[in-house]
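Q: Could you have a look at this structure, given as structure tokens, before my questions?
Number of protein chains: 2
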Amino acid sequence: MGAKDTPDFDKRGGLITAIAQDHETREILMVAYMNAESFQKTLELGEVVYWSTSRNELWHKGESSGNTQVLKELRVDCDGDAVLLIVEQKGRAACHTGQRSCFFRVRDGEGWREDGEQVFDPAEVYGK
Amino acid sequence: MGAKDTPDFDKRGGLITAIAQDHETREILMVAYMNAESFQKTLELGEVVYWSTSRNELWHKGESSGNTQVLKELRVDCDGDAVLLIVEQKGRAACHTGQRSCFFRVRDGEGWREDGEQVFDPAEVYGK
Chain A
29 MGAKDTPDFD KRGGLITAIA QDHETREILM VAYMNAESFQ KTLELGEVVY WSTSRNELWH
89 KGESSGNTQV LKELRVDCDG DAVLLIVEQK GRAACHTGQR SCFFRVRDGE GWREDGEQVF
149 DPAEVYGK
Chain B
29 MGAKDTPDFD KRGGLITAIA QDHETREILM VAYMNAESFQ KTLELGEVVY WSTSRNELWH
89 KGESSGNTQV LKELRVDCDG DAVLLIVEQK GRAACHTGQR SCFFRVRDGE GWREDGEQVF
149 DPAEVYGK
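From first to last, the protein sequence lines are chains A and B. If you read the first sequence in our numbering, its first letter stands for residue 29, the second for the next number, and so on. If you read the second sequence in our numbering, its first letter stands for residue 29, the second for the next number, and so on.
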């Protein structure tokens, strides 16, 4: 697989999976999607730009909250349909709920319990 | 979001994203998919069972190679369309290429360089 056909955006209809991992704690912060344009923007800016599949638009992470993700390293997987973004998370929180990581619920028996770190109050950051 | 509607398999046509992370090194090993059946099987077995989108069948990771993933912890993200699998990787390698992690290529300028750990020779493990 050469540099030009990586990532392979055609494999899954134009999108690749993008996983954000904290560069220091190695915690997984979130997972979202990128298209070719957002991938290029991310490399140009040095900050993570996803593709929002709900709004169908470029999503420069942290534009609203200030919690941008500064790109430290970018990796691609063996079949080219996913990237791993090693980032510095500004504001210490990636999740729109104010949790540090979007993966703040852990399986416990037949259900889930919360096990995260509430960093900010979303009402204060995003307003009403 | 209650226990019964989590994960939300309906959100993206029956599949959720499943990220495997090593429980000790916190390295991201691979990313794949799960449907409701593979999610249930994973909980029952205590070993990771993905849904193969190329073969359209259950994929008990490590069935061929012996490199199973023993589930240590399972987390779900805020909107329920992704899970994080904290695993013990048997055989020390997750990737079918014999690399420890599928994310063995790192962005370097305009291209990619390999930066991984070759654990096994795929020709020996999978045969011809």
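Virtual Cβ for every residue (Gly too), placed ideally from N, Cα, C.
1. Measuring CB atoms only, is the region 34–47 of chain A touching the region 59–73 of chain A, in the sense that at least three cross pairs come out at less than 8 Å?
2. If you check the beta carbons only, do Gly119/A and Ser93/A fall under 8 Å apart?
3. Classify Glu142/A as helix, strand or coil using the three-state DSSP reduction.
4. Considering Cα atoms alone, identify which of Thr34/A, Arg83/A, Leu102/A, Glu116/A is closest to Glu55/A.
5. Closer than 7 Å by beta-carbon distance: list the chain B residues that pair up with Leu112/A, in chain order.
6. Just to confirm before moving on: does the CB-CB distance between Phe131/B and Val104/A stay below 8 Å?
7. Can you list, in chain order, the residues of its chain whose CB lies under 8 Å from that of Leu102/B, leaving out five sequence neighbours each side?
8. Which of the three DSSP states, helix, strand or coil, is assigned to Arg40/A?
9. If we cut at 8 Å on Cβ distances, does Leu73/A have a partner in chain B?
10. In whole angstroms, what is the alpha-carbon distance linking Val98/A and His51/B?
11. Quick one: what does DSSP say Val153/A is sitting in, helix, strand or coil?
12. With a cut-off of 8 Å, does the C-beta of Gln49/A fall near any C-beta of chain B?
13. Which residue from Phe37/B, Asn95/B, Gly74/B puts its Cα closest to that of Ser129/B?
14. Please go through the region 39–94 of chain B and give each complete alpha helix (DSSP H) segment of 4 or more residues, from N-terminal end onward.
15. Taking Cβ-Cβ distances below 7 Å as the criterion, which residues of the region 96–110 of chain A are in contact with chain B?
16. Anything in chain A within Cβ reach of Arg135/B, meaning under 8 Å, just list it in chain order.
17. With 8 Å set as the bound, which would you pick, yes or no: does the beta-carbon of Trp140/B sit closer than that to a beta-carbon of chain A?
18. Where Asp143/B and Asp109/B are concerned, what is the direct C-alpha to C-alpha distance, given to the nearest angstrom?
19. May I have the straight-line CA-CA distance separating Glu75/B from Gln49/A, to the nearest angstrom?
20. With Lys100/A as the anchor, note down where its beta strand (DSSP E) starts and where it stops.
21. Under 8 Å, Cβ to Cβ, is there at least one residue of chain A near Val59/B?
22. Let me check understanding here. Comparing Cα to Cα, which of Phe37/A, Tyr154/A, Asp136/A, Cys123/A lies closest to Glu145/A?
A: Judging by the given coordinates:
1. yes
2. If you check the CB distance, Gly119/A and Ser93/A come in under 8 Å.
3. Here Glu142/A sits in strand by DSSP.
4. Glu116/A
5. Ile56, Phe131
6. yes
7. Thr70, Leu71, Val111, Leu112, Leu113, Ile114
8. coil
9. no
10. 25 Å
11. helix
12. yes
13. Asn95/B
14. 64–73
15. Glu101, Leu102, Arg103, Val104, Asp105, Cys106, Ala110
16. Leu71, Glu101, Leu102, Arg103, Val104
17. yes
18. Whole-angstrom Cα-Cα distance: 30 Å.
19. Distance between the alpha carbons of Glu75/B and Gln49/A is about 23 Å.
20. 97–104
21. yes
22. Distance check between Glu145/A and each of Phe37/A, Tyr154/A, Asp136/A, Cys123/A places Cys123/A closest, using alpha-carbon atoms only.
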